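Working notes for the structure below.
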Amino acid sequence: MPASQLPFSAGEYERRLTKVRAAMAAREIDVLFIEDPSNMAWLTGYDGWSFYVHQGVVVFHDQDPIWWGRGQDANGAVRTVWMADERVRSYSDHYIQSPKLHPMETLAALLREHGYGRRRIGLELENYYFSAKAYLVLRDELPDATLVDATALVNWQRTVKSDEEIVFMRRAARISEKIVDGIMQRVEPGLKKNDLVAEIYGDAIRGVDDDWGEYPAIVPLLPSGSDAAAPHLTWDGRRFEEGTATFFEIAGCYRRYHVPFCRTVFLGTPPAYMLEAERALAEGLEAGLEAARPGNRAGDVADALYRSLEKAGIEREGRCGYPIGISYPPDWGERTISFRTEDDTILEAGMTFHFMPGLWMSDWGLEITESILIRENGAAECLCNRPRKLFVKN
């Protein structure tokens, strides 16, 4: 029987499926196979740590989706998806990491069984979870089908959040605040980084009140000193030192919905150049929030930030934000819109982003960020509520 404790209402799942089917029709896709676990969860409710093997959801125009995956994970699907039990299909374990067999052989058989062996089949080709071998096997097993690149087709249907989703993101934001508060309280010279990360995970998983937390899609990032020039370093057993800055990039996560949040701490007296960068970044964030309104371009947010930074003599390129919501490792972004000058996507109320204008210079770094909600009227709302500054602990 369908899962009894789904995170969302039946109407919410129907809304999502309707949007995906319309996008399929616009692309003349007869059947869609998605393997991104974020898209699987968004469409069906499936939630499990099984994305290291081949699995996915088959989306039809005229019948309920089918969850397809490893046999031992089928029980997890029965317990988490909204579809009836007969819509859960699996393959046996002798396909796992076999040099002679491949799970996609069974997916091809399922598609032929449903009459799609000669139709247009959409695939998420640019995806962490779909291998080159998987594509080659499907191509060989379905020689009469037309395999269509449907990368991010579902992702684009996720950009505007429903009221139900925003409730989850607000809960995740409270967890993000708790994590940052704990960091500010505990960090000091001599503390080992791994000990602080243990506390970060404790705050993240305990959550806030009855809103329990989950593992985030990205581990805590906390490089110090010159290492902060590199944005994606994690941690080791070294101790925090006086006279250095450390930025902390974390995210609270509730029911797989993420709200990333970054703040920087300086232990001691910060140098003048970092205080000047702090002021410029705070002004740039404020300008970007003002530009983050329905009807404006995504690129307008980046332009507003960069103009503020340029006034302070700071050059920054690339994107400075991305959409957020439901996600699984290794990324908490939705991989669609970007806050960068050339992105002409029109912002809509209900979109959520991590406005992420990190500064990574040659030998230091500074991160002050906000996760934001585009509102019907006015500037964007910051989902977290903590001072937008460089934190200093003497």
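Adding 61 to a residue's 1-based position in the sequence shown gives its number in this note's numbering.
Where a beta carbon is used, it is the ideal one built from N, C-alpha and C, also for glycine.
Please read these numbers as outputs of a predicted model, since none were measured by experiment.
Open item on the list: My output table needs one value for Trp217: the three-state DSSP class, helix, strand or coil.
Closed with: Helix, per DSSP.
Can you tell me the Cα-Cα spacing of Pro384 and Glu395, whole angstroms?
-> Taking the CA atoms as reference points, Pro384 sits about 5 Å from Glu395.
* From the DSSP output, which residues share a beta bridge with Ser151? -> DSSP, once it has assigned bridges, lists Gly130 as partnering Ser151.
| said: Going by DSSP in three states, Asp404 sits in which element: helix, strand or coil? | reply: If DSSP states are grouped into helix, strand and coil, Asp404 belongs with coil.
**Asked** What does a CB cutoff of less than 6 Å around Asn357 pick up in its chain, not counting 5 residues either side in sequence?
**Response** Excluding positions up to five away in sequence, the list reads Leu408.
### Query
What are the start and end residues of each continuous beta strand (DSSP E) run of 3 or more residues lying completely inside the region 154 to 231, in chain order?
Taking only runs of at least 3 residues, the beta strand (DSSP E) segments lying wholly in the region 154 to 231 are 181 to 184 and 207 to 210.
(message) Beta-carbon within less than 6 Å of Arg380's beta-carbon, same chain only, minus the 5 sequence neighbours each way: which residues are those?
(response) Correct list, in chain order: Ser399, Phe400 and Arg401.
Notebook entry, point to check: From the beta carbon of Tyr367, is the nearest beta carbon of chain B less than 7 Å away?
Noted result: The structure shown has no chain B; it contains just one protein chain.
TODO: Let me know the secondary structure DSSP gives Thr307 once reduced to three states.
DONE: Three-state result, Thr307: strand.
So, with DSSP's three-state summary, where would you put Leu257?
It is helical.
Check your understanding: Comparing alpha-carbon positions, which option in Lys161, Tyr367 and Arg316 lies nearest Trp273?
Key -> It is Arg316.
Q: Mind checking which residues open and close the alpha helix (DSSP H) that includes Gly72?
A: Where Gly72 is concerned, the enclosing alpha helix (DSSP H) starts and stops at Ala71 to Ala87.
| query | Which residue's Cα is closest to the Cα of Ala363: Lys372, Arg354 and Gly349? | reply | Put simply, of Lys372, Arg354 and Gly349 the residue whose alpha carbon is nearest the alpha carbon of Ala363 is Gly349.
Report yes or no: do three or more beta-carbon pairs, one from the region 98 to 116 and one from the region 229 to 238, lie closer than 8 Å? Result no; under three Cβ-Cβ pairs closer than 8 Å.
Buried or exposed, going by whether 16 or more other CB atoms sit within 10 Å of the CB of Trp425? Per the 10 Å Cβ criterion, buried.
In or out: Trp110 buried (at least 16 other Cβ within 10 Å) or exposed? Per the 10 Å Cβ criterion, exposed.
Checklist line | Buried versus exposed, by CB contacts within 10 Å (16 or more), Gly360 | finding: Under this definition Gly360 is a buried residue.
- prompt: Going by other Cβ atoms of all chains shown within 10 Å of its Cβ, with 16 needed for buried, is Arg148 buried or exposed?
  reply: Buried: at least 16 other Cβ atoms inside 10 Å.
Where does the unbroken alpha helix (DSSP H) through Leu104 begin, and where does it stop? Run containing Leu104: Pro98 to Thr105, per the alpha helix (DSSP H) assignment.
**Q.** Three-state secondary structure (DSSP) of Lys239
**A.** For Lys239, the secondary structure class from DSSP, reduced to helix, strand or coil, is helix.
Q: Please say whether Ile435 and Met412 have beta carbons closer to each other than 7 Å?
A: Taking C-beta atoms as the reference points, Met412 and Ile435 count as a pair closer than 7 Å.
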